[in-house]
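Structure, as structure tokens:
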Amino acid sequence: MSDLSQLSFSSSRPLTLGVELELQLVSLRDYDLTRAATDLLAGLRYDDRFGEVKLEITESMIEVNSRPRLDATAIAADLDGLRDVLVTHCRLNNIAVCGGGTHPFHRWPERRISPGERFAFLNNRYGYLSKQFTVFGQHIHIGVTSGDDAIWLTHALNQYVPHFVALSASSPFIDATDTGFDSARLNAVSAFPLSGQSPDVADWAAFLDHMALLQACGVAESIKDLYWDVRPKPEYGTVELRICDTPLTIDRAVELAAFAQCLARHLLRTRPPIAPASQALVARYNKFQASRYGFGATLADPIRRRRVPIGDALRELIDSLTADADDLGCRKQLEQLRALVISERNDSAWLREIARNTGNLNDLTRMAAERFASPSSYRPNV
Amino acid sequence: MSTALRQGWEALQDSLIFLPPFPDQLDPLVLFSLLLVGGLIVGETLFRTLGLSRIVGYVLAGAISGPGALGWLDRETIALAKPLADTALGLLLMETGRHLDLRWLSANRGLLVSAAAESALAFLTIFIFALLAVGLSPGWSAATAAITMASAPAVVLLTAEENRAQGQVTQRTLLLTAISCALSFVVFAVVLGLLHAEQAGDWLNAIAHPLWVVGGGILIGLLCARLALIIAGRQARGSVARVFVLVSTALMAIGMARMLAVPVFLTLFMMGAALNLADRDRTLAYTGLPQGHWILAILLFVVTGAMLPLGELDWTTGVQALGLILMRGLAKFVGVVSTGRHDLPLDKRRLVGIGIQPLSATAIFMAAELAALYPEVSSQPLLLPLIAAAMMEFVGPQLCKRALQRAGETEPTRPEPAR
Numbered sequence: 248m249s250d251l252s253q254l255s256f257s258s259s260r261p262l263t264l265g266v267e268l269e270l271q272l273v274s275l276r277d278y279d280l281t282r283a284a285t286d287l288l289a290g291l292r293y294d295d296r297f298g299e300v301k302l303e304i305t306e307s308m309i310e311v312n313s314r315p316r317l318d319a320t321a322i323a324a325d326l327d328g329l330r331d332v333l334v335t336h337c338r339l340n341n342i343a344v345c346g347g348g349t350h351p352f353h354r355w356p357e358r359r360i361s362p363g364e365r366f367a368f369l370n371n372r373y374g375y376l377s378k379q380f381t382v383f384g385q386h387i388h389i390g391v392t393s394g395d396d397a398i399w400l401t402h403a404l405n406q407y408v409p410h411f412v413a414l415s416a417s418s419p420f421i422d423a424t425d426t427g428f429d430s431a432r433l434n435a436v437s438a439f440p441l442s443g444q445s446p447d448v449a450d451w452a453a454f455l456d457h458m459a460l461l462q463a464c465g466v467a468e469s470i471k472d473l474y475w476d477v478r479p480k481p482e483y484g485t486v487e488l489r490i491c492d493t494p495l496t497i498d499r500a501v502e503l504a505a506f507a508q509c510l511a512r513h514l515l516r517t518r519p520p521i522a523p524a525s526q527a528l529v530a531r532y533n534k535f536q537a538s539r540y541g542f543g544a545t546l547a548d549p550i551r552r553r554r555v556p557i558g559d560a561l562r563e564l565i566d567s568l569t570a571d572a573d574d575l576g577c578r579k580q581l582e583q584l585r586a587l588v589i590s591e592r593n594d595s596a597w598l599r600e601i602a603r604n605t606g607n608l609n610d611l612t613r614m615a616a617e618r619f620a621s622p623s624s625y626r627p628n629v
Numbered sequence: 006m007s008t009a010l011r012q013g014w015e016a017l018q019d020s021l022i023f024l025p026p027f028p029d030q031l032d033p034l035v036l037f038s039l040l041l042v043g044g045l046i047v048g049e050t051l052f053r054t055l056g057l058s059r060i061v062g063y064v065l066a067g068a069i070s071g072p073g074a075l076g077w078l079d080r081e082t083i084a085l086a087k088p089l090a091d092t093a094l095g096l097l098l099m100e101t102g103r104h105l106d107l108r109w110l111s112a113n114r115g116l117l118v119s120a121a122a123e124s125a126l127a128f129l130t131i132f133i134f135a136l137l138a139v140g141l142s143p144g145w146s147a148a149t150a151a152i153t154m155a156s157a158p159a160v161v162l163l164t165a166e167e168n169r170a171q172g173q174v175t176q177r178t179l180l181l182t183a184i185s186c187a188l189s190f191v192v193f194a195v196v197l198g199l200l201h202a203e204q205a206g207d208w209l210n211a212i213a214h215p216l217w218v219v220g221g222g223i224l225i226g227l228l229c230a231r232l233a234l235i236i237a238g239r240q241a242r243g244s245v246a247r248v249f250v251l252v253s254t255a256l257m258a259i260g261m262a263r264m265l266a267v268p269v270f271l272t273l274f275m276m277g278a279a280l281n282l283a284d285r286d287r288t289l290a291y292t293g294l295p296q297g298h299w300i301l302a303i304l305l306f307v308v309t310g311a312m313l314p315l316g317e318l319d320w321t322t323g324v325q326a327l328g329l330i331l332m333r334g335l336a337k338f339v340g341v342v343s344t345g346r347h348d349l350p351l352d353k354r355r356l357v358g359i360g361i362q363p364l365s366a367t368a369i370f371m372a373a374e375l376a377a378l379y380p381e382v383s384s385q386p387l388l389l390p391l392i393a394a395a396m397m398e399f400v401g402p403q404l405c406k407r408a409l410q411r412a413g414e415t416e417p418t419r420p421e422p423a424r
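These protein sequence lines are chains P and W, in that order. Under the working numbering, residues 248 to 629 are what the first sequence spells out, in order. Under the working numbering, residues 6 to 424 are what the second sequence spells out, in order.
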């Protein structure tokens with residue numbers, strides 16, 4: 248166990264992007280989740296050119312990590328390459344890989360914990376929560392040069408958590424039931440004691456003090472134990488956004504990464520005043536609004552003491568990021584998100600519509616898997 | 006005791022006019038219940054005390070009660086339970102047919118090579134062993150090979166279900182079992198013709214009988230599958246009505262096969278395969294058998310146990326059957342281990358090679374079909390595959406279970422650490 252008070256922050260090139268996707272492994276017989284991850288990895292013939300493929304907490308999950316990249320186009324190439332590798336190898340094992348924040352009808356007690364010390368530790372610590380944690384998120388890493396910048400950006404991004412939730416929401420169903428939430432996945436995450444917002448610390452030194460306290464009290468042994476919505480990731484030299492549901496397509500995952508990069512650039516460039524303490528007062532409420540109502544959410548603004556429809560806030564925000572998008576070469580991705588906000592048809596809306604049309608959740612999952620298998624339109628030379 | 010009871014009963018009939026005649030035979034429902042409870046008790050006891058597969062217990066209960074041991078179940082009683090056993094086997098074979106996944110085979114050609122290798126090697130090895138080492142005629146050697154080459158679909162399916170196994174070893178064991186069944190049914194039909202030619206020089210039946218069996222099985226299977234899809238398509242998705250449609254059309258197929266003297270196992274396997282292949286709208290793709298099919302499965306294995314010719318076991322046949330089992334096992338193991346190396350690690354291929362070893366109910370029912378053709382000459386040559394099946398009834402389920410457990414694909418038996 249390393250001393251968290253001595254944790255050093257590895258500097259990385261500013262605004263480099265990295266994306267992690269947690270994906271579902273489903274049986275082609277009934278499209279339920281199935282125990283497949285270790286078999287898939289054991290038979291994988293792949294040289295890591297697009298990034299890594301890794302186990303996750305249960306055997307019905309697989310995680311893909313892109314390589315650190317400079318822009319969204321390179322991320323698209325990585326993620327689509329990883330998608331292609333997985334789709335091809337899954338076919339050999341008669342399974343399919345699928346996006347979405349939750350599986351619509353799996354029974355969590357049937358999940359099997361993946362092999363490995365870390366997973367055994369989590370299962371031991373969290374009990375049944377570890378199996379219920381079979382939910383699927385997208386994590387976005389943004390490179391920063393210093394620990395102080397990481398702490399500042401973590402706080403600055405915290406107020407935009409609901410925006411990411413509404414844009415990425417893809418988990419309306421749990422236990423074969425329409426939960427009424429656009430992102431029911433977040434309810435599974437919030438059961439963990441170290442979830443939620445990062446503490447209001449001023450800089451990297453204060454953050455290390457906080458970590459030392461957590462370690463001394465036996466609350467956390469590493470950064471990995473903290474399931475905050477946004478957290479610094481010192482070994483990568485990044486700030487990690489962990490709030491998004493895994494989208495149904497690689498295109499949406501790329502758009503979210505582009506949005507995060509533009510937003511981070513805008514924030515770091517303009518350095519607007521931030522008020523972590525005030526934001527913390529409404530953070531849980533705003534996150535609930537976005538996860539419950541998606542684009543229909545109304546956010547609390549503690550600074551101006553007013554309510555703001557999230558659709559208006561998102562349109563305004565995306566418009567303000569246009570110049571950054573042009574500089575970063577991701578205008579197209581941002582335009583797509585703008586259109587998404589106007590249409591109010593996120594992945595949860597698509598899932599609900601297909602469930603209505605097909606009348607059963609097996610076919611819904613089949614169609615979601617087929618949707619995930621389609622190549623990304625952002626991949627270079629496509 | 007029985008005579009005294011009868012006399013007492015008949016004496017009472019003079020005064021109690023409502024009494025029926027003394028019941029000479031068990032009512033089928035009483036028999037059903039006795040077989041079920043007996044099988045359950047032995048199966049559960051072996052499972053809890055020794056950790057053996059429950060299937061071993063069911064078979065043991067039948068074998069102990071059967072004509073070869075205590076004789077509680079005589080041949081007439083077994084004949085009475087045959088329709089129920091046919092139903093159980095039929096439903097399980099339909100499920101096996103539904104596992105014949107041609108889309109998977111088309112996506113992974115290596116699996117087709119593995120399936121062809123293990124089935125071909127098993128057939129050839131058993132045929133040569135029966136012909137040269139045991140000295141059976143070519144016709145009966147082929148019959149022995151046809152009966153014993155396939156894995157036992159009921160055992161593999163129920164073992165996977167009982168242990169909630171999920172993973173590549175399980176999936177591939179089920180698929181290879183389904184393919185080996187399909188191939189063994191084709192060989193079985195050819196063997197029917199060979200036997201007619203060899204035993205009676207009857208060329209008309211040598212040609213017509215295999216055609217009747219295969220054609221009849223395919224026709225009934227396709228018709229009932231089509232009927233099931235049409236009726237189920239008119240019911241609400243996910244409704245219990247679809248389960249009823251699936252079960253009732255399967256029962257219809259079983260009944261029609263029995264009426265037309267077409268093997269039930271072949272017909273229902275065809276129906277399952279047709280359901281899998283023709284269901285473009287996925288009408289019944291997500292509809293499974295009700296949990297109650299376990300009850301029928303218990304009955305099947307108890308009856309199968311009672312049908313085992315344990316009373317006719319002698320040293321010579323025992324050693325020959327052991328030789329057959331070893332040769333067959335080796336052939337199937339080598340067939341799987343030496344192929345498909347591109348997408349499954351060697352340790353997993355080994356476990357698939359062990360998982361496909363079971364040999365039981367279908368073989369015994371196939372032997373019964375052949376025995377009915379030439380009863381006067383068939384008992385001796387059919388003893389070899391039947392004794393081999395009898396031995397494997399007790400070993401096969403355990404081997405399959407161990408393979409799935411070693412692969413880490415079964416549900417953990419002890420609760421995972423959680424405080």
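Note that beta-carbon positions come from the ideal geometry of N, C-alpha and C, so glycine has one too. Please read all numbers here as calculations on a predicted model, not as lab measurements.
Secondary structure of residue i, DSSP reduced to three states
i, result
"P/T401", "helix"
"P/L475", "The question names Leu, but residue 475 of chain P in the sequence shown is Trp. Three-state DSSP puts P/W475 in a strand."
"P/N604", "helix"
"P/I322", "helix"
"P/N312", "strand"
"W/I46", "helix"
"P/C491", "strand"
"W/I317", "With the sequence shown as reference, residue 317 of chain W is identified as Glu, and Ile is not the correct amino acid for it. Three-state result, W/E317: helix."
"W/L294", "coil"
"P/A343", "strand"
"P/P351", "coil"
"P/E299", "strand"
9 Å Cβ cut-off: residues of chain W touching residue i
i, result
"P/G606", "A241, R242, G243"
"P/G543", "Simply none; closest approach about 29 Å."
Under 7 Å from the C-beta of residue i: neighbouring residues of chain P
i, result
"W/L349", "G290"
"W/N168", "None at all; the shortest Cβ gap to chain P is about 12 Å."
"W/E414", "R282"
Whole-angstrom C-beta distance between residue j and residue i, which should lie under 8 Å
i, j, result
"P/T381", "P/L264", "Not a contact, Cβ separation roughly 27 Å."
"P/D286", "W/G172", "6 Å"
"P/G347", "P/A620", "So it is not a contact: roughly 13 Å between Cβ atoms."
Residues that residue i contacts on chain W, provided the C-beta gap is smaller than 7 Å
i, result
"P/T281", "Q171"
"P/A369", "A small fix is needed here, since residue 369 of chain P is Leu in this sequence, not Ala. Within chain W, no residue comes near P/L369; the closest Cβ sits about 11 Å away, beyond 7 Å."
"P/D425", "The contacting residues do not exist; P/D425 stays about 14 Å from chain W at best."
"P/D286", "G172, Q173"
"P/D277", "Y291"
Straight-line gap, residue i to residue j (C-alpha atoms, nearest Å)
i, j, result
"P/A463", "P/L441", "15 Å"
"W/G226", "W/F270", "10 Å"
"P/Y278", "W/A290", "10 Å"
"W/F128", "W/A93", "27 Å"
"P/S445", "P/A537", "19 Å"
"P/E267", "W/R354", "32 Å"
"W/V339", "P/R372", "44 Å"
"P/F428", "P/P356", "22 Å"
"W/P350", "W/T175", "14 Å"
Chain P residues whose Cβ lies nearer than 9 Å to that of residue i
i, result
"W/N113", "R338, L339, N340, N341"
heavy atom of the ligand MG below 7 Å from residue i C-beta
i, result
"W/G73", "This structure lacks the ligand MG, and indeed carries no ligand of any kind."
Contact list for residue i against chain W, beta-carbon separation under 8 Å
i, result
"P/N609", "R287, A290, Y291"
"P/D476", "By Cβ distance, chain W contributes nothing, its closest Cβ being about 26 Å from P/D476, past 8 Å."
Tell me the start and end of each unbroken alpha helix (DSSP H) in the region 40 to 107 of chain W that is at least 4 residues and wholly inside, in chain order. 59 to 70, 80 to 103
Give, in chain order, every unbroken run of the alpha helix (DSSP H) that is at least 4 residues long and sits entirely within the region 104 to 137 of chain W. 107 to 112, 114 to 133
As an exercise, report each continuous alpha helix (DSSP H) stretch of at least 4 residues that is fully enclosed by the region 251 to 296 of chain W, in chain order. 269 to 283
Mind pulling the beta strand (DSSP E) runs of 3 or more residues that sit fully within the region 177 to 247 of chain W? none
Residue ranges of each alpha helix (DSSP H) within the region 361 to 430 of chain P, 4 or longer: 364 to 373, 375 to 379, 394 to 405, 408 to 415
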